[in-house]
Amino acid sequence: MSKYNIQEFESNFDTAFVDFFNQKGYKQSYFVDNIRFLFGFGCVIPAAIAFGLEQLHDFSKLKEHLLSLLLVYFAFSGLLTWWISFVKGNRIYTGTSPDQKISIDAETTLPLKPNPHLDLTIRVKRNKKTVPIAHKLSISVADIFDEEGQISQDAFSKQISSFYKSYIENE
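Residues 2 to 172 (my numbering) are what the sequence shown spells out, left to right.
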């Protein structure tokens with residue numbers, strides 16, 4: 002991994018963050034991703050049907066059918082775009098334990114700054130009736146990655162464990 006590639010830093014951090022919560026006994030929810038895949042398949046199926054029909058029949062006979070398939074494709078494509086932009090957003094993890102639900106949104110600053118950092122917003126919801134409480138955490142990339150660009154497990158565990166103990170266990 003290049004030590005100047007912020008996308009690789011973010012990807013490695015996200016993976017380590019998910020692994021941390023999975024090791025703490027949280028069960029990861031894939032509902033948001035499953036719906037995204039469903040909308041994606043909704044885009045592919047009408048396109049595949051249109052391709053197959055065009056291979057078998059003349060275009061002049063299929064105009065009305067292809068228009069219908071095109072409208073279905075655009076509807077699913079619009080839903081997919083909306084879902085990715087507004088529902089999934091930057092969420093990297095949604096996990097549950099018996100007494101709480103955690104949703105994690107992560108963003109990184111632009112790598113143009115001399116000291117890039119990862120900004121996390123963690124929303125903790127204890128049960129279905131309570132309002133989620135948002136906690137913000139900013140971690141400097143230099144604090145958790147070594148010179149080769151790899152995550153320093155000790156530094157990462159120290160940063161995330163202190164945050165976990167302060168905001169999640171003690172709420």
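Don't be surprised by glycine CBs; every beta carbon is placed ideally from N, CA and C.
L39 and S78 have their C-alpha atoms roughly 11 angstroms apart. Less than 9 angstroms divides the Cβ of D34 from the Cβ of K89.
If you compare the alpha carbons of F52, K166 and I152 with that of D15, the shortest gap goes to I152. If you draw a straight line from the Cα of T97 to the Cα of A49, it is about 37 angstroms long. Excluding sequence positions up to five before and after T95, its CB lies within less than 8 angstroms of the CB of Q29, S30, F32, V33, K102, I103, S104 and I105, all in the same chain and listed in chain order. When the alpha-carbon of I140 is set against those of F75, S162, K126 and P47, the nearest one is in S162.
When W83, H118 and F52 are compared, the shortest CA-CA separation from F10 is found for H118.
Under the three-state reduction of DSSP, Y27 is assigned to coil, being neither helix nor strand.
Contact between L63 and E55 holds: their C-beta atoms lie close to 7 angstroms from each other, under 8 angstroms. Collapsing the DSSP output to three states places G53 in a helix.
With a contact defined as Cβ atoms closer than 8 angstroms, D144 and R127 miss out at about 30 angstroms. Following the DSSP letters along the chain, one finds K137 in no alpha helix (DSSP H) but inside the beta strand (DSSP E) bounded by residues I134 to S141. Contact between I93 and F18 is confirmed by a C-beta separation of about 7 angstroms, below the 8 angstroms threshold. The C-alpha of L80 lies about 31 angstroms from the C-alpha of D59.
Secondary-structure assignment with DSSP links I103 through a beta bridge to G96 and V125. Residue nearest to F42 within the set F21, K25 and V73 is V73 (criterion: CA-CA distance). Collapsing the DSSP output to three states places H58 in coil.
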